[in-house]
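*Asks:* Handing you a structure now.
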Amino acid sequence: MTTTSTHCPYCSLQCGMRLVTSGRTVAVQPWPEFGVNEGALCRKGWTATGLRGHRERLTTPLVRDRVTGELRAAGWDEALDLVAQRLLALREQHGPDAVAVFGGGGLPNEKAYSLGKLARVALRTSQIDYNGRWCMSSAASAGNRALGLDRGLPFPLADLEQTDVVVLVGSNLAETMPPAARHLDRLRERGGRVVVIAPRRTLTAERADHFLQPVPGTDLPLALGLLHLLDAAGAVDEEYVAARTTGFDDVRRSVAAWWPERVERVTGVANGELRALARLLAGDGTGRRPRAMVLTARGAEQHSQGSDTVLAWINLALALGLPGRPFSGYGCLTGQGNGQGGREHGQKADQLPGYRMIDDPAAREHVAGVWGVPAADLPGPGRSAYELLDALGTDGGPRALLVFASNIAVSAPNASHVVDRLAALHLLVVADLVMSETAALADVVLPVTQWAEETGTMTNLEGRVVLRERAVSPPAGVRDELEVIAELAARVGSPVPFSADPAEVFAELGRASAGGPADYAGITYERIRAEQGVFWPCPSTDHPG
26 MTTTSTHCPY
36 CSLQCGMRLV
46 TSGRTVAVQP
56 WPEFGVNEGA
66 LCRKGWTATG
76 LRGHRERLTT
86 PLVRDRVTGE
96 LRAAGWDEAL
106 DLVAQRLLAL
116 REQHGPDAVA
126 VFGGGGLPNE
136 KAYSLGKLAR
146 VALRTSQIDY
156 NGRWCMSSAA
166 SAGNRALGLD
176 RGLPFPLADL
186 EQTDVVVLVG
196 SNLAETMPPA
206 ARHLDRLRER
216 GGRVVVIAPR
226 RTLTAERADH
236 FLQPVPGTDL
246 PLALGLLHLL
256 DAAGAVDEEY
266 VAARTTGFDD
276 VRRSVAAWWP
286 ERVERVTGVA
296 NGELRALARL
306 LAGDGTGRRP
316 RAMVLTARGA
326 EQHSQGSDTV
336 LAWINLALAL
346 GLPGRPFSGY
356 GCLTGQGNGQ
366 GGREHGQKAD
376 QLPGYRMIDD
386 PAAREHVAGV
396 WGVPAADLPG
406 PGRSAYELLD
416 ALGTDGGPRA
426 LLVFASNIAV
436 SAPNASHVVD
446 RLAALHLLVV
456 ADLVMSETAA
466 LADVVLPVTQ
476 WAEETGTMTN
486 LEGRVVLRER
496 AVSPPAGVRD
506 ELEVIAELAA
516 RVGSPVPFSA
526 DPAEVFAELG
536 RASAGGPADY
546 AGITYERIRA
556 EQGVFWPCPS
566 TDHPG
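Sequential numbering of the sequence shown, starting at 26, is according to our numbering.
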């Protein structure tokens with residue numbers, strides 16, 4: 026019997042858990058010492074081993090027969106040789122950007138990093154992006170515009186218990202991240218207030234002290250109206266705004282037209298409810314400002330004006346002087362298992378490891394130096410996720426697509442159109458655990474490991490880098506994506522070797538990210554094990570993180 030400390034793969038809490046293996050049996054046990062969830066798990070965590078040994082698990086590569094049109098079993102060498110030959114032929118005929126790569130927010134940091142390196146170094150294509158674009162791009166864009174950084178929470182999740190007011194915008198925390206809801210309960214037990222803003226009465230709303238129910242799609246005018254009231258009440262922290270922000274005069278003018286009665290007509294939120302929330306955030310009039318946290322999630326972000334909506338809530342937090350103060354600030358509740366780390370190290374079309382921009386000459390020089398290639402050989406920015414999929418099979422668009430950790434035939438916006446674009450490809454390669462809807466369309470299907478069968482790091486919504494240790498061996502015939510990426514890189518003539526060892530890849534990731542906003546240079550597997558996770562930025566091994 027063996028016990029392995031690991032982390033649940035299914036949301037960005039990355040709840041600590043222990044897997045107990047005995048022969049072919051794998052059981053989940055709580056890990057009370059891990060501070061994020063203190064042993065609590067939701068249904069997803071308790072049933073996380075369900076795919077282990079599932080009858081639909083893929084265990085051999087599949088290649089589409091050109092005569093019958095059906096997928097047939099193939100050996101790994103045959104499948105990888107076929108993929109490499111066709112990729113090289115398409116690149117020779119149509120150029121490097123004829124090949125595209127599509128990743129996922131569920132990949133560990135090591136695999137996300139290697140996928141970006143595969144695209145830019147081995148395939149020399151600019152055409153790479155991932156499914157996180159559909160998860161929280163609005164929050165990422167707003168965070169970068171307002172704060173110069175895209176990060177979920179700038180404080181540990183447990184800090185929620187010590188603030189005075191938490192405002193949840195578009196989040197159903199009690200159902201999507203049940204172990205995190207305990208922090209709201211503890212906050213209320215010590216006299217704090219929970220405010221929920223959502224168009225329907227959720228389980229989270231049932232636990233709130235104040236529930237505002239705007240008409241769907243009106244989160245933006247609600248935020249503008251709330252800031253209007255706070256400004257009119259003299260609650261803006263003028264000293265903080267003058268010292269630490271720019272552009273507030275423009276914001277002040279933009280909210281001037283959103284008086285409460287107009288907000289009520291647009292959003293359906295009663296004038297009195299909006300004023301009550303403004304009073305709660307402004308304080309009791311004695312000069313003491315309440316500590317407050319404003320947290321947005323997918324409900325507020327996934328709109329046509331999602332970025333502006335998040336920016337409005339950030340503006341409100343800045344006007345109150347919240348960011349940078351203990352137990353206060355703005356944060357985003359990330360979604361996918363590696364929703365934070367998956368976008369930091371090179372899966373996005375415009376980024377390099379460490380959250381550097383790919384069109385930054387200094388960033389290109391640094392990362393190229395780590396990779397051992399000339400900076401001039403790195404491609405520039407490519408198409409973002411939907412634009413990439415929309416261009417598949419078109420003149421000037423990619424002719425081949427490699428898909429890792431994403432079922433785009435189901436999850437992509439305008440999915441039926443995306444399926445048509447996939448059908449126009451000359452080559453579709455999908456790496457997956459089961460025969461997903463996207464894999465069923467592929468020319469080559471590669472069976473890969475699942476979370477309990479691999480070692481790698483994930484970065485949770487707090488920016489805490491945690492380590493998922495391999496607990497069980499994969500089924501015979503299944504390979505780890507790091508091995509698949511390394512094999513493909515070699516077959517297409519990569520100028521540098523690729524490692525399939527996760528510890529080596531993570532060490533290289535640290536060097537590549539050094540000096541960037543998401544600096545992992547001082548994080549090691551040993552530190553993560555000893556400290557139950559290390560927060561970035563961590564530029565050196567003696568830095569606390």
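Glycine residues also receive a C-beta, built at the ideal position from the N, C-alpha and C atoms.
These figures come from a predicted structure and were not determined experimentally.
Between the segment 123-143 and the segment 96-107, can you find at least three pairs of beta-carbon atoms closer than 8 Å?
*Replies:* Touching, no.
*Asks:* So, with DSSP's three-state summary, where would you put residue 110?
*Replies:* Reduced to three states, the DSSP call for residue 110 is helix.
*Asks:* Rounded to whole angstroms, what is the Cα-Cα separation between residue 492 and residue 545?
*Replies:* One C-alpha to the other measures close to 13 Å.
*Asks:* Quick check: the segment 282-297 against the segment 236-251, are there 3 or more CB pairs under 8 Å?
*Replies:* Flag = yes, the segment 282-297 and the segment 236-251 touch.
*Asks:* If I follow the unbroken alpha helix (DSSP H) through residue 247, where does it start and stop?
*Replies:* Segment 244-257, the alpha helix (DSSP H) holding residue 247.
*Asks:* Considering only the alpha carbon of each residue, which of 192, 330, 438 and 255 lies closest to residue 321?
*Replies:* Here the closest residue by C-alpha is 192.
*Asks:* Roughly how many angstroms separate the alpha carbons of residue 24 and residue 125, rounded to a whole number?
*Replies:* Past the edges of the chain, shown from 26 to 570, lies residue 24, and the structure says nothing about it.
*Asks:* Please state whether the Cβ-Cβ distance between residue 324 and residue 195 is less than 8 Å.
*Replies:* For residue 324 and residue 195, yes; Cβs fall inside 8 Å.
*Asks:* Do residue 450 and residue 424 have their C-beta atoms within less than 8 Å of each other?
*Replies:* The answer is yes: Cβ separation under 8 Å.
*Asks:* Which residue from 446, 353 and 282 puts its Cα closest to that of residue 217?
*Replies:* Ranking the options by Cα distance to residue 217, first place goes to 353.
*Asks:* Contact defined as beta carbons within less than 8 Å: I believe residue 130 pairs with residue 361. What is the distance between those atoms, to the nearest angstrom?
*Replies:* Right, the Cβ-Cβ distance comes to about 3 Å (below 8 Å), so this counts as a contact.
*Asks:* Beta-carbon within less than 6 Å of residue 377's beta-carbon, same chain only, minus the 5 sequence neighbours each way: which residues are those?
*Replies:* Contacts found: 371, 383, 388 and 392.
*Asks:* Looking at residue 113 and residue 517, is the spacing between their C-beta atoms short of 8 Å?
*Replies:* In contact: residue 517 and residue 113 (Cβ atoms closer than 8 Å).
*Asks:* Answer with buried or exposed for residue 402, where buried requires no fewer than 16 other C-beta atoms within 10 angstroms of its C-beta.
*Replies:* So residue 402 ends up on the exposed side.
*Asks:* What is the rounded straight-line gap between the Cα of residue 161 and the Cα of residue 367?
*Replies:* If I take the Cα positions, the gap works out to 12 Å.
*Asks:* Locate the alpha helix (DSSP H) running through residue 236, then write down its first and last residues.
*Replies:* First-last for residue 236: 235-237, but that is the beta strand (DSSP E), not the alpha helix (DSSP H).
*Asks:* Helix, strand or coil, according to DSSP, for residue 20 in the structure here?
*Replies:* Shown here, the chain extends from 26 to 570; a query on residue 20 therefore has no answer.
*Asks:* Might you give, ordered along the chain, the residues of its own chain that have their beta carbon closer than 7 Å to the beta carbon of residue 462, omitting 5 neighbours on each side?
*Replies:* The answer, listed in chain order, is 432, 434 and 435.
*Asks:* Indicate whether the contact test is met: 3 or more Cβ pairs, each with one atom in the segment 158-172 and one in the segment 532-546, closer than 8 Å.
*Replies:* Because the criterion of three Cβ pairs below 8 Å is not met, the segment 158-172 and the segment 532-546 do not touch.
*Asks:* Give the single residue among 201, 178 and 318 whose Cα lies nearest to the Cα of residue 346.
*Replies:* Comparing Cα positions, the closest option is 318.
*Asks:* Apply the 10 Å Cβ neighbour rule to residue 365 and answer buried if 16 or more other Cβ atoms are within range, or exposed otherwise.
*Replies:* So residue 365 ends up on the buried side.
*Asks:* Using 8 Å as the limit for Cβ to Cβ distance, is residue 110 near chain D?
*Replies:* Judged by its chain identifiers, the structure shown contains no chain D, having just a single protein chain.
*Asks:* Look at the alpha carbon of residue 178 and the alpha carbon of residue 381, and state the distance between them as a whole number of angstroms.
*Replies:* The straight-line gap from Cα to Cα measures roughly 19 Å.
*Asks:* Counting only runs of 3+ residues fully inside the segment 344-430, write out the beta strand (DSSP E) ranges in chain order.
*Replies:* For the segment 344-430, whole beta strand (DSSP E) runs of length 3 or above, ordered along the chain, are 354-357 and 425-429.
*Asks:* Within the chosen definition, does the segment 272-288 reach the segment 220-238 through at least 3 CB pairs nearer than 8 Å?
*Replies:* Output reads no: the segment 220-238 does not touch the segment 272-288.
*Asks:* What ranges does the beta strand (DSSP E) occupy inside the segment 497-568, keeping only unbroken runs of at least 3 residues that lie completely in it?
*Replies:* Whole beta strand (DSSP E) segments, 3+ residues: zero.
*Asks:* Take the Cβ of residue 521 as the centre, count every other Cβ of all protein chains shown within 10 Å, and call the residue buried at 16 or more, exposed below.
*Replies:* Exposed, since its Cβ has fewer than 16 Cβ neighbours within 10 Å.
*Asks:* Taking residue 154 as part of the alpha helix (DSSP H), name the residues at either end of that continuous run.
*Replies:* Here residue 154 belongs to no alpha helix (DSSP H); instead the beta strand (DSSP E) covers 153-155.
*Asks:* In terms of DSSP beta bridges, what is residue 32 paired with?
*Replies:* 41, per the DSSP bridge assignment.
*Asks:* Is the CB-CB distance between residue 478 and residue 29 below 8 Å?
*Replies:* No, they are not a contact pair.
*Asks:* Between the alpha carbons of residue 54 and residue 45, how many angstroms are there, rounded?
*Replies:* Going by the C-alpha atoms only, they are around 7 Å apart.
*Asks:* If the criterion is Cβ atoms closer than 8 Å, does the pair residue 369 and residue 480 meet it?
*Replies:* Not in contact: residue 369 and residue 480 (Cβ atoms no closer than 8 Å).
*Asks:* Over the uninterrupted alpha helix (DSSP H) stretch that includes residue 228, give me the two end residues.
*Replies:* Per DSSP, residue 228 belongs to the alpha helix (DSSP H) from 228-231.
*Asks:* Could you work out which residue in 205, 50 and 421 is closest to residue 115 when comparing CA atoms only?
*Replies:* That would be 421, whose Cα lies nearest to the Cα of residue 115.
*Asks:* Closest by CA to residue 52, which one among 60, 43 and 59?
*Replies:* Here the closest residue by C-alpha is 43.
*Asks:* How is the beta strand (DSSP E) around residue 489 delimited, first residue to last?
*Replies:* Per DSSP, residue 489 belongs to the beta strand (DSSP E) from 489-493.
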